[in-house]
Every structure is written in structure tokens, then in C-alpha cells.
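Participant: Letter by letter, the sequence shown follows residues 706 to 998 of this note's numbering.
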Amino acid sequence: MQQKYLEQTGQELKLRNYSIKTTKAYLGCLKEYFDFKKFNLEKIDEENIKQFLLNKQGKNYSSQTINLYLNAIKFFYREVLKISQKINLKFAKRSKKLPIVLSREEIKNIIDVIKNPKHKLIISLAYGAGLRISEVVNLKAKDVNLEELTIHLKNAKGKKDRITIFPEKIKTNLQNLIAGKNPNDSRGYIKATRVMGGNIPHFSITVYGFDEYARVNIDDYDSILESVAFQIVNLNKMDNSSISASLNQPQMIIDHILDVLDNKGLIKVSKTMGGGVHIFNVSPELKRMLRNT
706 MQQKYLEQTG QELKLRNYSI KTTKAYLGCL KEYFDFKKFN LEKIDEENIK QFLLNKQGKN
766 YSSQTINLYL NAIKFFYREV LKISQKINLK FAKRSKKLPI VLSREEIKNI IDVIKNPKHK
826 LIISLAYGAG LRISEVVNLK AKDVNLEELT IHLKNAKGKK DRITIFPEKI KTNLQNLIAG
886 KNPNDSRGYI KATRVMGGNI PHFSITVYGF DEYARVNIDD YDSILESVAF QIVNLNKMDN
946 SSISASLNQP QMIIDHILDV LDNKGLIKVS KTMGGGVHIF NVSPELKRML RNT
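In C-alpha cells form, the structure reads like this:
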């Protein structure tokens with residue numbers, strides 16, 4: 706019966722177009738819950754669910770992970786078994802941590818000590834274009850516009866498309882990477898499984914093996930995105946002359962910010978090459994960090 710319920714849940718998640726990552730996470734959570742409950746899986750037992758979640762909390766699981774278990778359980782009873790009875794358990798309060806923000810000089814030092822060209826490009830794209838690790842490793846030749854210095858990210862997190870920019874400084878390396886590639890090839894050109902000697906988690910990447918400086922100054926891939934957000938906000942606070950002077954700094958992600966974030970979550974950017982105002986969508990992570998700064 707347990708396997709049947711897992712298969713039904715997987716089918717329901719697929720029909721609702723949930724991501725592969727979310728589907729795998731939900732099914733993993735449900736399997737653990739089924740093993741804990743053992744019997745009468747088709748009946749809601751709030752006390753049993755509470756004990757299951759407390760057990761996870763006792764193992765020092767994060768509030769985000771505990772909420773994932775609860776979401777999976779609620780989805781199973783509500784959407785798969787179609788039980789109207791509510792599960793009156795509140796979600797765990799999310800922990801709040803201060804972001805790890807690196808200066809431009811620290812980012813430059815980290816990039817400089819990376820010897821492998823592909824690894825160097827991964828971190829450069831993360832910082833220069835504000836890309837998630839999954840977006841970097843799935844980059845396609847047809848998504849890159851070398852003339853406009855833009856990347857069109859399709860079906861990104863949340864099943865949404867967005868356009869971002871990358872610095873001219875990494876244009877040549879990016880051009881060399883995709884040279885001669887079939888633009889319609891469905892595979893990405895930066896392989897995740899070979900980057901740091903193992904599979905890379907979708908949510909973050911721990912940076913190993915660069916040197917002692919890199920290991921001390923960066924804990925995970927999210928620090929790169931947090932640094933991007935922080936520097937965008939700081940750049941917007943400068944006057945025009947300060948902005949112009951700062952453009953010569955290495956790995957600067959944009960040329961000139963006119964308006965950091967409007968109500969629709971867009972960044973308006975005036976690029977020095979070609980002129981005019983370009984409008985780019987902001988990733989959910991970047992939008993959240995900008996608004997909380």
C-alpha cells in the first residue's frame with residue numbers, strides 16, 4: 706500500500722507540473738512518514754504527525770526541512786486522497802540568518818586562485834550574472850547573446866523565464882565554451898557532476914580545493930548571490946560620478962543602475978554599449994535579498 710500511495714503522489718505532482726527536485730523531496734518525506742506511521746496511512750492522525758515532526762526536530766532538522774515534511778504530508782492527504790479534513794498544525798518558524806556578503810576584492814581573489822577554467826567560469830557567471838548553480842550547469846549555447854551580453858534563462862525556478870546580463874570581461878571565455886556547439890542541443894555545457902568531484906546540491910555548492918584563502922572566505926554558492934544583491938544595493942546609493950568610476954572594478958555585474966527594484970521586481974539598466982535602457986527580470990532570491998536590505 707505504501708508503494709501505491711507513493712506512485713499516486715508522484716503522478717499527482719507530475720500532473721501539477723512540480724519540479725523534479727520538489728517531487729523527489731516530497732516522495733522522500735512521505736516515505737519516511739509512512740515508515741513512521743506504519744498502519745492506517747489513509748487516515749489523518751494529527752498527534753502522530755506531530756510526533757513525527759517532533760522526532761525530526763529532535764534530530765536538529767532545520768525549520769525549513771520540517772516545513773517540507775509537513776507540506777508533503779498535507780499534499781498527500783489533501784490532493785491525493787482527497788480528504789477534506791484539515792491538518793491543524795502550524796508551520797515551524799523559519800530561522801533568520803545574516804547573509805554572508807563578500808566584497809568585490811574577495812570575490813576577485815577567489816576567482817583568481819581557481820585553476821580549472823570551467824570552475825573559474827562557474828563562479829564568474831554566478832557573480833557576474835547572478836545565476837543559480839542549476840542555471841549555470843544547464844547553460845545552452847542558444848540562450849547566450851554575445852552581442853548584447855545577455856543570457857535568456859528558460860523554464861528557470863518557478864517555471865519562469867528571465868533575462869539577465871553578464872560582464873564583458875567573461876565574454877571571451879563564454880564564447881570559447883559554446884563555440885561550435887549545436888544551439889539546439891538540449892544538454893548543458895558545464896557538467897555539474899564533474900565540477901567539484903561529486904554531485905552538486907541544487908540549492909548550494911560548497912567550494913573546496915581552491916586554497917586556504919578561498920576556503921576561509923566562502924562557505925557556499927549562496928554567498929555569491931548574496932554578494933551580488935548587496936553590491937547592487939550599494940551601487941544604487943552612489944551618485945552618477947561614483948557609479949562611473951566603479952565600473953572599472955573587476956567582475957562588476959552591471960554598468961549603471963537607474964532604478965534598483967520597482968514594484969514589479971524589475972531592474973532597469975542603462976548599458977554603456979549600445980546605449981538605451983534595458984529592463985531585466987530579477988530572480989526570486991535576488992528580489993528577496995534586495996527588498997530585505
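Glycine included, C-beta positions come from ideal geometry on N, C-alpha and C.
Taking only three categories from DSSP, how would you classify ASN850?
Facilitator: Start at 1 with the first residue of the sequence shown, and residue 850 comes out as number 145. Here ASN850 sits in strand by DSSP.
Participant: Under three-state DSSP, which class holds LEU858?
Facilitator: The residue given as residue 858 occupies position 153 in the sequence shown. Strand, per DSSP.
Participant: Please say whether ASN814 and GLU751 have beta carbons closer to each other than 8 Å?
Facilitator: Within the sequence shown, residue 751 is the residue found at index 46, counting from 1. Within the sequence shown, residue 814 is the residue found at index 109, counting from 1. No, the Cβ-Cβ distance between GLU751 and ASN814 is not below 8 Å.
Participant: Can you look up ILE868 in the DSSP assignment and give me helix, strand or coil?
Facilitator: For the purposes of this step, residue 868 is taken as residue 163 along the sequence shown, with counting starting at 1. Here ILE868 sits in strand by DSSP.
Participant: Applying the 10 Å Cβ sphere with the 16-neighbour rule, what's the burial state of MET706?
Facilitator: Within the sequence shown, the letter at position 1 stands for residue 706. Answer is exposed; the Cβ neighbour count stays below 16.
Participant: Does the stretch 738 to 745 come into contact with the stretch 715 to 726, if we say contact requires no fewer than three beta-carbon pairs (one atom in each stretch) closer than 8 Å?
Facilitator: No: fewer than three Cβ pairs fall under 8 Å.
Participant: Does DSSP put GLY833 in a helix, in a strand, or in coil?
Facilitator: The count along the sequence shown starts at 1 and reaches residue 833 at position 128. If DSSP states are grouped into helix, strand and coil, GLY833 belongs with the helices.
Participant: Measuring straight from C-alpha to C-alpha, what distance separates ILE749 and LYS798?
Facilitator: Counted from its first residue, the sequence shown places residue 749 at position 44. Counted from its first residue, the sequence shown places residue 798 at position 93. Straight-line Cα distance between these residues: approximately 23 Å.
Participant: Can you tell me where the alpha helix (DSSP H) holding LEU879 begins and where it ends?
Facilitator: Here residue 879 refers to the residue found at position 174 when the sequence shown is read from its first residue. Here the alpha helix (DSSP H) through LEU879 covers 876 to 883.
Participant: Looking at the secondary structure, which residues open and close the alpha helix (DSSP H) in which ILE725 lies?
Facilitator: Position 20 of the sequence shown, counting from 1, holds the residue named residue 725. Note, ILE725: alpha helix (DSSP H), 725 to 742.
Participant: Can you grab the Cα-Cα spacing for the pair ALA730 / GLU853, in whole Å?
Facilitator: Within the sequence shown, numbered from 1, the residue matching residue 730 stands at position 25. Within the sequence shown, numbered from 1, the residue matching residue 853 stands at position 148. Rounded to whole angstroms, ALA730 to GLU853 spans 38 Å at the Cα level.
Participant: Looking at C-alpha atoms only, which residue of ILE875, LEU718, LYS795, LYS779 is the closest neighbour of HIS824?
Facilitator: For the purposes of this step, residue 824 is identified with residue 119 of the sequence shown, where counting begins at 1. It is ILE875.
Participant: Below 8 Å CB to CB, which residues in the same chain sit around ASN760 once its five sequence neighbours on both sides are set aside?
Facilitator: Here residue 760 refers to the residue found at position 55 when the sequence shown is read from its first residue. The residues are PHE741.
Participant: Find the nearest neighbour of GLU747 within the set LYS719, GLN790, GLN769, judged by alpha-carbon distance.
Facilitator: Within the sequence shown, the letter at position 42 stands for residue 747. The shortest Cα separation from GLU747 among LYS719, GLN790, GLN769 belongs to GLN790.
Participant: Using the Cα positions of ALA777 and GLN762, report the straight-line distance between them to the nearest angstrom.
Facilitator: Position 72 of the sequence shown holds residue 777. Position 57 of the sequence shown holds residue 762. Looking at the two C-alpha atoms, the distance is approximately 16 Å.
Participant: From this set, GLY885, ARG721, PHE757, LEU786, which residue's C-alpha is nearest ASN772's C-alpha?
Facilitator: Start at 1 with the first residue of the sequence shown, and residue 772 comes out as number 67. Of GLY885, ARG721, PHE757, LEU786, the residue nearest in Cα terms is PHE757.
Participant: Using only CA atoms, which one of ASP866, LEU786, SER767, ASN765 lies nearest to GLN713?
Facilitator: Walking along the sequence shown from the start, residue 713 turns up at place 8. Minimum Cα distance to GLN713 is reached at LEU786.
Participant: At what residue ranges does the stretch 749 to 807 contain a whole run of the alpha helix (DSSP H), taking only runs of 4 or more?
Facilitator: As far as the stretch 749 to 807 is concerned, its whole alpha helix (DSSP H) runs of at least 4 residues are 751 to 763, 768 to 780.
Participant: Taking 7 Å as the line, does the beta carbon of LEU732 fall inside it for any heavy atom of the ligand ZN?
Facilitator: By its list of ligands, the structure shown contains no ligand whatsoever, and the ligand ZN lies outside what it can speak to.
Participant: Would you tell me roughly how many angstroms separate the C-alpha atoms of LEU879 and PRO822, rounded to the nearest one?
Facilitator: For the purposes of this step, residue 879 is taken as residue 174 along the sequence shown, with counting starting at 1. For the purposes of this step, residue 822 is taken as residue 117 along the sequence shown, with counting starting at 1. LEU879 and PRO822: Cα-Cα distance of roughly 10 Å.
Participant: Does the beta-carbon of GLY885 have 16 or more other beta-carbons within 10 angstroms, so that it is buried, or is it exposed?
Facilitator: For this step, residue 885 is matched to residue 180 along the sequence shown. So GLY885 counts as exposed.
Participant: Quick check on the DSSP output: the alpha helix (DSSP H) that includes LEU711 runs from which residue to which?
Facilitator: Along the sequence shown, one-based indexing puts residue 711 at 6. 707 to 720 is the extent of the alpha helix (DSSP H) around LEU711.
Participant: Which of the three DSSP states is assigned to ASN887 in this structure?
Facilitator: One-based indexing of the sequence shown puts residue 887 at position 182. Three-state result, ASN887: coil.
Participant: Roughly how many angstroms separate the alpha carbons of ILE870 and ILE816, rounded to a whole number?
Facilitator: Against the sequence shown, residue 870 aligns to sequence position 165. Against the sequence shown, residue 816 aligns to sequence position 111. Taking the straight line joining both Cα atoms gives about 19 Å.
Participant: How many angstroms separate the CA atom of GLN769 from the CA atom of GLY733?
Facilitator: Within the sequence shown, residue 769 is the residue found at index 64, counting from 1. Within the sequence shown, residue 733 is the residue found at index 28, counting from 1. So the two alpha carbons sit approximately 15 Å from each other.
Participant: Measuring straight from C-alpha to C-alpha, what distance separates LYS845 and LYS865?
Facilitator: Within the sequence shown, the letter at position 140 stands for residue 845. Within the sequence shown, the letter at position 160 stands for residue 865. Cα to Cα, LYS845 sits roughly 16 Å from LYS865.
Participant: According to DSSP, is THR911 part of a helix, a strand, or is it coil?
Facilitator: Walking along the sequence shown from the start, residue 911 turns up at place 206. Legend: pLDDT at THR911 = 37, less than 50; position of this residue unreliable, no value from coordinates given.
Participant: Determine the DSSP secondary structure at LYS813, reduced to helix, strand or coil.
Facilitator: Start at 1 with the first residue of the sequence shown, and residue 813 comes out as number 108. Looking at LYS813 - three-state DSSP - the assignment turns out to be helix.
Participant: Please name the residue, chosen from ARG867, ILE819, ASN860, that lies closest to GLY835 on a Cα-to-Cα basis.
Facilitator: Position 130 of the sequence shown, counted from the first residue, corresponds to residue 835. For the residues ARG867, ILE819, ASN860, the minimum Cα distance to GLY835 belongs to ARG867.
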